[in-house]
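A.B. asks: I have a structure here, written as structure tokens, and I will follow up with some questions on it.
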Amino acid sequence: MMNKNKLVKIIIISSFIIFIVVSYVLNFEQGIDIGKNFYEFSLNLILVLPCAFILIGLFEAWVKRETVEKHLGKDSGFISYLWAVILGGCTFGPLIVALPIAYSLYKKGAKLTVIFTYLGAAAICRIPMTIFEASYLGVKFTIIRYVVSIPLVILTSIMLGSYLEKKKFKIMKGK
């Protein structure tokens with residue numbers, strides 16, 4: 026017997042596929058665009074994720090728990106947030122790549138507040154995105170955005186992490 030969650034997932038995926046097929050048959054432009062975007066995004070993920078998972082595996086194997094705890098753990102100071110921003114800036118590919126890295130950091134003893142800072146920095150500080158932004162919008166704009174964004178990311182990470190730690194939040198293990 027199929028459980029309810031699995032049935033809901035099958036219905037959603039089937040509905041999406043039917044929508045895309047019907048859009049092509051009826052020449053519905055928005056549906057065709059959705060299908061093309063989904064295809065391009067999926068292709069991008071297929072190309073990027075294997076490399077990302079290899080790097081995450083190497084991180085798991087080579088970086089010791091003690092190292093993460095020392096630099097990003099509970100007893101690390103404010104410098105841990107700067108390490109998180111640097112690590113977030115070096116993350117490549119789509120933002121979805123940052124999620125398994127964040128989980129790996131969590132398993133190795135990084136503070137929740139630092140993990141949130143890493144995720145925020147991975148969203149706004151990636152090197153390729155910064156170069157692209159500076160070339161189109163100017164270096165001054167990029168510097169101003171960083172001066173405003175990074176402190177806000179760190180502040181909100183501290184607030185959210187502190188709140189969740191008070192509530193004894195734990196990340197559940199995957200299936």
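Under the working numbering, the letters of the sequence shown match residues 26 to 200, in that order.
Note that CB positions come from ideal geometry on N, CA and C, so glycine has one too.
Please report how far the alpha carbon of Gly-82 lies from the alpha carbon of Tyr-143, in whole angstroms.
C.D. replies: So the alpha carbons of these two residues sit roughly 18 Å apart.
A.B. asks: Identify whether Gly-134 lies in helix, strand or coil by the three-state DSSP scheme.
C.D. replies: Correct three-state label for Gly-134: coil.
A.B. asks: Counting only the same chain and skipping the five closest in sequence on each side, list residues whose C-beta sits under 7 Å from that of Lys-99.
C.D. replies: Counting only Cβ-Cβ distances below 7 Å, and skipping sequence neighbours, we find Lys-136.
A.B. asks: Suppose the cutoff is 7 Å on Cβ atoms and the five residues either side in sequence are ignored; what does the same chain contact list for Trp-108 look like?
C.D. replies: Only His-96 and Leu-97 meet the Cβ criterion.
A.B. asks: Kindly give me the distance between the Cβ atoms of Leu-120 and Ala-148, rounded to whole angstroms, as I take these residues to be in contact under 8 Å.
C.D. replies: Rounded, the Cβ-Cβ distance is 6 Å, consistent with contact.
A.B. asks: Within 10 angstroms of the Cβ of Phe-141, are there 16 or more other Cβ atoms? Answer buried if so, exposed if not.
C.D. replies: With 16 or more Cβ atoms within 10 Å of its Cβ, Phe-141 is classed as buried.
A.B. asks: What's the call for Val-47, buried or exposed, on a 16-neighbour Cβ count within 10 Å?
C.D. replies: It is exposed - the Cβ of Val-47 has fewer than 16 other Cβ atoms within 10 Å.
A.B. asks: Using DSSP with H/G/I as helix, E/B as strand and the rest coil, what is Phe-53?
C.D. replies: Coil at Phe-53, not helix or strand.
A.B. asks: Work out the CA separation of Asn-28 and Ile-36 for me, nearest whole Å.
C.D. replies: Rounded to the nearest angstrom, the two C-alpha atoms are 13 Å apart.
A.B. asks: Look at the Cβ atom of Gly-134, then the Cβ atom of Val-93, and state whether they are nearer than 8 Å.
C.D. replies: Yes.
A.B. asks: Confirm, please, whether the CB-CB distance from Ile-179 to Tyr-106 is below 8 Å.
C.D. replies: Against a cut-off of 8 Å, the Cβ pair of Ile-179 and Tyr-106 comes out as a contact.
A.B. asks: Report the residue ranges of all alpha helix (DSSP H) runs contained in full by the stretch 37-120; include only those spanning at least 4 residues, in chain order.
C.D. replies: The qualifying runs are 54-87, 90-97 and 104-115.
A.B. asks: Quick check: the Cα distance between Glu-85 and Ser-129, rounded to an integer number of angstroms?
C.D. replies: Distance between the alpha carbons of Glu-85 and Ser-129 is about 7 Å.
A.B. asks: Look at the alpha carbon of Lys-191 and the alpha carbon of Gly-114, and state the distance between them as a whole number of angstroms.
C.D. replies: If I take the Cα positions, the gap works out to 29 Å.
A.B. asks: Roughly how many angstroms separate the alpha carbons of Lys-198 and Glu-91, rounded to a whole number?
C.D. replies: When rounded, the distance between both Cα atoms is 21 Å.
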